[in-house]
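Quick note: to get this note's numbering, add 50 to the position in the sequence shown (first position is 1).
Here's the structure we're looking at; comments come further down.
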Amino acid sequence: MTEIQIEPNSFEMVFFDAEKIVNLASEVAEKLGLGNEQIKLRIDETSSMGRSRVESYEPIILATDGGAFENTQRPRYLGETRTSETIARLLMRIIDRRSPEFANAPEDDLLDLPLRVAWDTYTAGRLNLVGLSTQMKRRQYQFRNRHGFSDAADEAFTYLWESPNKLAWADIERISAGCRATLV
51 MTEIQIEPNS FEMVFFDAEK IVNLASEVAE KLGLGNEQIK LRIDETSSMG RSRVESYEPI
111 ILATDGGAFE NTQRPRYLGE TRTSETIARL LMRIIDRRSP EFANAPEDDL LDLPLRVAWD
171 TYTAGRLNLV GLSTQMKRRQ YQFRNRHGFS DAADEAFTYL WESPNKLAWA DIERISAGCR
231 ATLV
């Protein structure tokens, strides 16, 4: 069973329920095959920004701003879908980084924006396959912004979105570079 630790364990500036976040994180970890991991979540409730990042891959430490978990229709309240999707995206990044196919991927801080968007597209598509992501149009718009509004970019997006666990980092680089080469 997944062991989830959360910091802080109670919230004063937002109306988040720590136990609910722990349960959501446990459900996501189980669905992604990380059921025997220890996961620490650090949430900065003072920030309404939506930033999230992996602080450590071993042990797993995820850090988010409060806005990453907020209900977009009700600021300062927990958005369960958004929380699950944020945690799932970060955990999938960890799964990728632990695989030999992603051994050559640059550190997150060194990723250029188009590559980050391409990887996020691949990640979100796989999460969609297991019922954890519902933001295809948002991801497609982000992909188009970085790779062009073209048929070639749309084909690349669809390929990344619909690919099950079979791509390597080199594939993502190649797909992203191919789209960018057609930009004027």
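Cβ coordinates follow ideal geometry from the N, Cα and C atoms, glycine included.
query	result
Bounding residues of the alpha helix (DSSP H) (the contiguous stretch that carries R166)	L163 to L179
Heavy atom of the ligand ADP within 8 Å of G116 beta-carbon	Ligands in the displayed structure: none, and consequently the ligand ADP is not present.
Bridge partners - R92, DSSP secondary structure assignment	E57 and A113
Minimum C-alpha distance to A118 - residue among A206, N178 and S98	S98
Candidates F66, L74, G83 and T122, of which the one nearest T96 by Cα	F66
Residues bridged to I223 [DSSP beta-bridge criterion]	The sequence given here has Glu at residue 223, not Ile. DSSP output for E223 lists no bridge partner at all.
Burial state of Y107, where buried means 16 or more other Cβ atoms lie within 10 Å	exposed
Buried or exposed by the 16-neighbour rule on C-beta atoms within 10 Å, applied to G235	Nothing can be reported for residue 235, as the shown portion of the chain is limited to 51 through 234.
Length of the line joining the Cα atoms of V72 and T131	14 Å
Residue from R194, P156, E62 and D204 with nearest C-alpha to A220	P156
Continuous alpha helix (DSSP H) stretch holding R194: start and end	M186 to H197
Contact check, M142 vs R189, beta carbons under 9 Å	no
Alpha carbon of I110 to alpha carbon of E57, nearest angstrom	14 Å
Beta-carbon separation (whole angstroms), L163 vs R196, contact threshold 8 Å	6 Å
Cβ neighbour criterion (16 or more within 10 Å) applied to V78	buried
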